[in-house]
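Trainee: Be aware that the sequence shown starts at 511, since it is given in my numbering, and climbs by one per residue. A single structure is presented below for examination.
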Amino acid sequence: ETIQTLINCKNDADIKAVLEKAKELVCGEYSICGLGVYDNKGVPEVNNVINCSYPEGWFEVYREEKLYEIDPIVWHHHKFLGTQIWADTYKKYKEKMSPKFIYNADSFGLSLGIAGGIRSPSGRLTSIISFANDKNYFGAHQKAIMDILVPNFHEALIRVCRENKRKVLPYL
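Here it is as structure tokens:
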């Protein structure tokens with residue numbers, strides 16, 4: 511049912527509705543997704559964000575504190591596409607982890623979660639879909655669900671951005 515709904519998404523509201531449903535499937539309290547473009551240096555700029563339920567204050571802190579520069583989820587996603595359970599990612603980057611990032615994420619209930627994304631065959635577009643919670647309900651079962659949902663979210667994001675003629679249009 512969720513995949514069929516993703517296939518029929520036509521706008522941000524449709525994607526938000528599916529994010530809301532999918533939160534139950536993967537045990538997330540918060541959800542967000544985005545579509546971005548890789549620049550000439552291979553750095554992704556996610557400029558099409560659809561926020562279902564991440565706290566608005568998180569975005570302010572994330573931007574003002576430049577947390578994207580120290581976000582291990584972003585580091586991992588940039589190097590290895592696919593689904594990642596945040597707790598596993600934190601272990602991989604334990605030596606580089608910033609207490610500042612963990613403190614800020616934890617203060618918004620966003621310290622544990624799962625994220626996934628893929629790159630379009632052209633190599634220019636990338637997506638990220640994230641679900642977070644303040645408790646670690648994320649394991650192999652949720653990862654398997656994300657592995658199925660992520661490609662469908664990716665295609666829905668491309669379709670919605672194309673229909674809304676957003677910034678990524680030249681790469682679609």
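All C-beta atoms in this analysis are idealised placements derived from N, C-alpha and C, irrespective of residue type, glycine included. This one's a predicted model, so the numbers in the text were calculated from it and none came from an experiment.
#1: Can you tell me the Cα-Cα spacing of Tyr647 and Asn561, whole angstroms?
#2: Quick check: Phe618 and Leu577, are their CB atoms within less than 8 Å of each other?
#3: The alpha helix (DSSP H) that contains Tyr572, what's its start and end?
#4: Would you report the Cα separation of Ile525 and Val536, rounded to the nearest angstrom?
#5: Less than 6 Å between C-beta atoms, sequence neighbours within five positions excluded: which residues of the same chain meet that for Asp522?
#6: Using DSSP bridges, identify the partner residues of Ala642.
#7: Can you grab the Cα-Cα spacing for the pair Ile658 / Asn643, in whole Å?
#8: Mind checking whether Ala615 and Ser608 have CB atoms under 8 Å apart?
#9: Am I right that Leu533 and Thr593 are in contact with their C-beta atoms under 8 Å? What's the rounded C-beta distance?
#10: Taking the alpha carbon of Glu530 as the point to measure from, which residue in Ser563, Asn558, Phe663 and Asn518 has its own alpha carbon closest?
#11: Reducing DSSP to helix, strand and coil, say where Asn739 ends up.
#12: With a Cβ-Cβ cutoff of 8 Å, do Leu591 and Gly649 count as a contact?
#13: What is the rounded straight-line gap between the Cα of Val678 and the Cα of Ser632?
#14: By Cβ distance below 7 Å, which residues in the same chain neighbour Glu574 in space, the five residues on each side in sequence not counted?
#15: Is the separation between the beta-carbon of Ile639 and that of Cys519 shorter than 8 Å?
#16: Tell me Gln594's beta-bridge partners as DSSP assigns them.
#17: Tell me whether Pro680 is buried or exposed, calling it buried when 16 or more other Cβ atoms sit within 10 Å of its Cβ.
Mentor: According to the data block:
#1: Position 137 of the sequence shown, counted from the first residue, corresponds to residue 647. Position 51 of the sequence shown, counted from the first residue, corresponds to residue 561. Going from the Cα of Tyr647 to the Cα of Asn561 covers about 21 Å.
#2: For the purposes of this step, residue 618 is identified with residue 108 of the sequence shown, where counting begins at 1. For the purposes of this step, residue 577 is identified with residue 67 of the sequence shown, where counting begins at 1. Taking 8 Å as the Cβ cut-off, Phe618 and Leu577 do not qualify as a contacting pair.
#3: In the sequence shown, the residue the question calls residue 572 occupies position 62. Note, Tyr572: alpha helix (DSSP H), Glu566 to Glu574.
#4: By one-based count along the sequence shown, residue 525 stands at place 15. By one-based count along the sequence shown, residue 536 stands at place 26. Whole-angstrom Cα-Cα distance: 16 Å.
#5: Start at 1 with the first residue of the sequence shown, and residue 522 comes out as number 12. Result list for Asp522: Ile560, in chain order.
#6: Taking the first residue of the sequence shown as position 1, residue 642 is located at position 132. Answer by DSSP bridge pairing, in chain order: Tyr540 and Gly623.
#7: Position 148 of the sequence shown, counted from the start, is the residue given in the question as residue 658. Position 133 of the sequence shown, counted from the start, is the residue given in the question as residue 643. For Ile658 and Asn643, the distance between alpha carbons rounds to 20 Å.
#8: The residue labelled residue 615 in the question sits at position 105 within the sequence shown. The residue labelled residue 608 in the question sits at position 98 within the sequence shown. No, the Cβ-Cβ distance between Ala615 and Ser608 is not below 8 Å.
#9: Translated into positions along the sequence shown, residue 533 becomes position 23. Translated into positions along the sequence shown, residue 593 becomes position 83. For the sequence presented, residue 533 should be read as Lys rather than Leu. That belief does not hold up - the Cβ atoms of Lys533 and Thr593 are roughly 16 Å apart, past 8 Å.
#10: The sequence position of residue 530 within the sequence shown is 20, counting from 1. Ranking Ser563, Asn558, Phe663 and Asn518 by Cα distance to Glu530 puts Ser563 first.
#11: No statement about residue 739 is possible, as the shown extent of the chain runs from 511 to 682 and does not include it.
#12: Numbered from its first residue, the sequence shown carries residue 591 at position 81. Numbered from its first residue, the sequence shown carries residue 649 at position 139. No. Outside cutoff.
#13: Taking the sequence shown and counting its residues from 1, one reaches residue 678 at position 168. Taking the sequence shown and counting its residues from 1, one reaches residue 632 at position 122. Annotation note: pLDDT 49 at Val678 (below 50); position unreliable, coordinate value reported separately. One C-alpha to the other measures close to 12 Å.
#14: Stepping through the sequence shown from its first residue, residue 574 is reached at position 64. So the list is empty, once near-sequence residues are dropped.
#15: Translated into the one-based positions of the sequence shown, residue 639 becomes position 129. Translated into the one-based positions of the sequence shown, residue 519 becomes position 9. Not in contact: Ile639 and Cys519 (Cβ atoms no closer than 8 Å).
#16: Taking the sequence shown and counting its residues from 1, the one referred to as residue 594 is at position 84. According to DSSP, which records beta bridges pairwise, Gln594 is partnered with Ala625.
#17: Within the sequence shown, numbered from 1, the residue matching residue 680 stands at position 170. Residue confidence for Pro680 is low, a pLDDT of 45 falling below 50, so the modelled location carries little weight; the figure read from the coordinates is stated next. Per the 10 Å Cβ criterion, exposed.
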